[in-house]
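Chains as they are written, first to last, in my numbering: chain S, 1 to 115; chain X, 1001 to 1112.
Note that the Cβ used here is the ideal one computed from N, Cα and C, for glycine as well.
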C-alpha cells in the first residue's frame, strides 16, 4: 500500500504525559499537512511542510505542540504535557506541490485519548 | 470573516441525485475548491476539485458560479454506500497568511 500511513492508530495517555505521532506521506509528495479533528467537526488545520520547511502554523498549535519533518520525508507531531482537551483524531495528509491546486491524500489518523 | 458553511445533514434515497452546497464568501483568489468524503474512523477521501464553472469526474460533479462564493457538489444516483460526511475545503487569506479551512461537514444519509 503506497498511501499515507500513520502510527499509532490509537493512543491512550494520562494527562501530563508526552506523546509523539508519526506520519509517512506518499513518497513523491513534497507537501505534508497535519490536522486535528474532534467529534462532529471538520478537520482543523494545524501546520504544513513543504519538504523539510514548516511553512505555516495555526494558532491552534500551542507551544506544547511541535512538528518536524527531517529530510523532507516522514513527519512527527509531538504533544507535551497533554491535556484532556487534546483528545482528538490527528490526521496527516500529503500532496504534490502545484500552487493552490492540492489534492491531499489523508492517512487513517491517530486517535488520541487523554485520561 | 473566513468561513465555510454547509448544511448539517441531508437525507436521500437510493438512486436519487444529491446536491450539497458550501458557501465560502471570502475565498482566496486563485484558490481551488476541494470536496472530501469521510466515513467513521477514517481519514477524508478526495472526491473532486475545481476552480470555476463545472468539473465532472467518474463519481461527482462540482458546480462553481462565476463569483466563486459558493460551490455545489452533485452526487448522481446515490447508493447506500454514499452515506458519509462530506466536507468542502477552501483556502482563505487571513492576516496576510494563507489558511486552509474545512467546512463543518454535511452528514448524508441514504435510505433504501
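When the Cα atoms are used, residue 47 (chain S) and residue 1033 (chain X) turn out to be separated by approximately 19 Å.
Going by C-alpha positions, residue 26 (chain S) is about 24 Å away from residue 1085 (chain X).
Residue 1099 (chain X) has a beta carbon lying within less than 8 Å of a beta carbon in chain S. Cβ proximity to chain X below 9 Å picks out 33, 35, 37, 40, 41, 42, 43, 44, 45 from the region 32-45 of chain S. In summary, the residues of the region 91-115 of chain S whose CB is separated from some CB of chain X by less than 9 Å are 91, 92, 93, 99, 100, 101, 102, 103, 104, 105, 106, 107, 108, 109, 111, in the order they occur in the chain. The beta carbon of residue 96 (chain S) sits closer than 6 Å to those of 29, all from its chain and outside the five residues before and after it, given in chain order.
Close CB contacts of residue 11 (chain S) within its chain, under the 8 Å cut and outside five residues either way in sequence, are with 19, 21, 110, 111, 112, 113 (chain order). According to the DSSP assignment, residue 20 (chain S) belongs to the beta strand (DSSP E) that extends over 19-24. No Cβ of chain S is located within less than 8 Å of the beta carbon of residue 1013 (chain X).
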